[in-house]
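See below for the structure under consideration.
Numbering (mature numbering (1 follows the signal peptide of the UniProt record, and there is no 0)), first residue to last: -21 to -1, 1 to 302.
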């Protein structure tokens, strides 16, 4: 479930909320599933698209009673192992492995989901090699002062050692920041005076105390970072600088550097490019790799570090830290 939240910020909900093909007469099954190298297999969520004119609720769009399994393939494309999934009692359309299984780095996996009605939905992903965190730099720093154009504090830097890549393209990274503030001790929708002590300037401008919760700002992403955004070192490591806009909260943050597979790369790249030119309410034509459905079945490998970001005009003591 944690991984569903990680990449949900990239807008997969748009696919769930509206049909991606304006002339389509039947809804499609929407897949959302991610595999992380070296970690237990995570959940699979199945829903259906709904037209823009229809009221969207997760309960109404959930695909229940599907036969779901994830297969690990051998070098010849045959099935080496199968992990069956079962639907949870707590959330309609959410499926979890019946038995624990670990995702093999550089393994190829096939998702097979057979809904009660309609064709079988399939997708494949090849998991990236593991990524190792080597060191961090500037793990305590100060956010730039928005009122001082000369303010240029050092940025947090995470150095990682990527594994061998079988991809035909260079590795690209996604930096994801997650605030470690104790948001449970703060009102869900505090007034601007309180939010101003917690949120960095860009996100404070977006914050609306009447409709937003602080928790909705907890996780943020840099988007895809290519070689122009990181440094390749002589020892084979890669140093990645955290963009300030990826940080929503002052205080402690966990920073994850993820190497993504081709499916996530295509999904995020095409979505990001089209969102720049879409009219309000227009649904992007996502580059996806799902047979008989839509959505994302992707994989990644990641390494992480922590950074403490001080406000430019406050002390860390002004910020409630997670106990």
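Yeah, the Cβ is synthetic: ideal placement off N, Cα and C, and Gly gets one too.
Pop quiz: residue 200 and residue 154 are said to be a contact at Cβ under 8 Å. What is the actual Cβ separation, rounded to whole angstroms? 7 Å
For residue 28, count neighbouring Cβ atoms within 10 angstroms of its own Cβ and tell me buried if that reaches 16, exposed if not. buried
Check the DSSP bridge columns for residue 46 and list the partner residues they point to. 93
Start-end ranges of the beta strand (DSSP E) lying completely within the region 196 to 251, minimum 3 residues: 198 to 204, 209 to 211, 217 to 220, 230 to 239
Report back the beta-carbon spacing between residue 102 and residue 10 to the nearest angstrom; my notes put them in contact at under 8 Å. Their Cβ separation, rounded to whole angstroms, is 6 Å, which keeps residue 102 and residue 10 in contact under 8 Å.
Just verifying my parser: in three-state terms, what is the DSSP assignment at residue 83? coil
Three or more C-beta pairs below 8 Å linking the region 265 to 281 and the region 218 to 231: Not touching, per the Cβ criterion.
Assign residue 98 to one of two classes, buried (16 or more other C-beta atoms within 10 Å of its C-beta) or exposed (fewer than that). With fewer than 16 Cβ atoms within 10 Å of its Cβ, residue 98 is classed as exposed.
Going straight from the alpha carbon of residue 271 to that of residue 195, what length do you get? 32 Å
Bridge partners for residue 75 per DSSP, in chain order? 65
Going by the DSSP bridge assignment, what does residue 25 pair with across the sheet? 10
Whose CA, out of 232, 24, 245, 12, lies closest to the CA of residue 159? 232
My guess is that residue 100 and residue 8 are in contact by the Cβ rule of under 8 Å, so how many angstroms apart are they, rounded? 5 Å
Which class does residue 181 belong to by DSSP, given the choice of helix, strand or coil? helix
I'd like to check one pair, residue 48 with residue 63: are the Cβ atoms closer than 9 Å? yes
Between the CA atoms of residue 26 and residue 93 - distance to the nearest angstrom: 12 Å
Could you check whether the Cβ of residue 148 sits closer than 8 Å to any heavy atom belonging to the ligand ADP? The ligand ADP is not part of the structure shown, which contains no ligands of any sort.
At what residues does the beta strand (DSSP E) containing residue 282 begin and finish? That run of the beta strand (DSSP E) goes 273 to 289.
Alpha carbon to alpha carbon, what distance is there between residue 61 and residue 20? 12 Å
Hey, could you find the ends of the beta strand (DSSP E) residue 100 is sitting in? 100 to 105
In angstroms, rounded to a whole number, what distance separates the CA positions of residue 205 and residue 273? 26 Å
C-beta atoms of residue 279 and residue 240 nearer than 9 Å: yes
Can you name, in chain order, every residue of its own chain whose Cβ lies under 6 Å from the Cβ of residue 210, other than the five neighbours on each side? 218
Assuming residue 17 and residue 109 make a contact with CB atoms under 8 Å, what is their CB distance in whole Å? So it is a contact: roughly 6 Å between Cβ atoms.
Extent of the continuous beta strand (DSSP E) to which residue 153 belongs: 152 to 158
Using only CA atoms, which one of 52, 72, 229 lies nearest to residue 82? 52
For residue 174, is the classification buried or exposed, using 16 other Cβ atoms within 10 angstroms of its Cβ as the cut-off for buried? buried
Less than 6 Å between C-beta atoms, sequence neighbours within five positions excluded: which residues of the same chain meet that for residue 256? Confidence is the limiting factor: at residue 256 the pLDDT is only 45, short of 50, which leaves the residue's position unreliable, though a coordinate-based value still follows. None.
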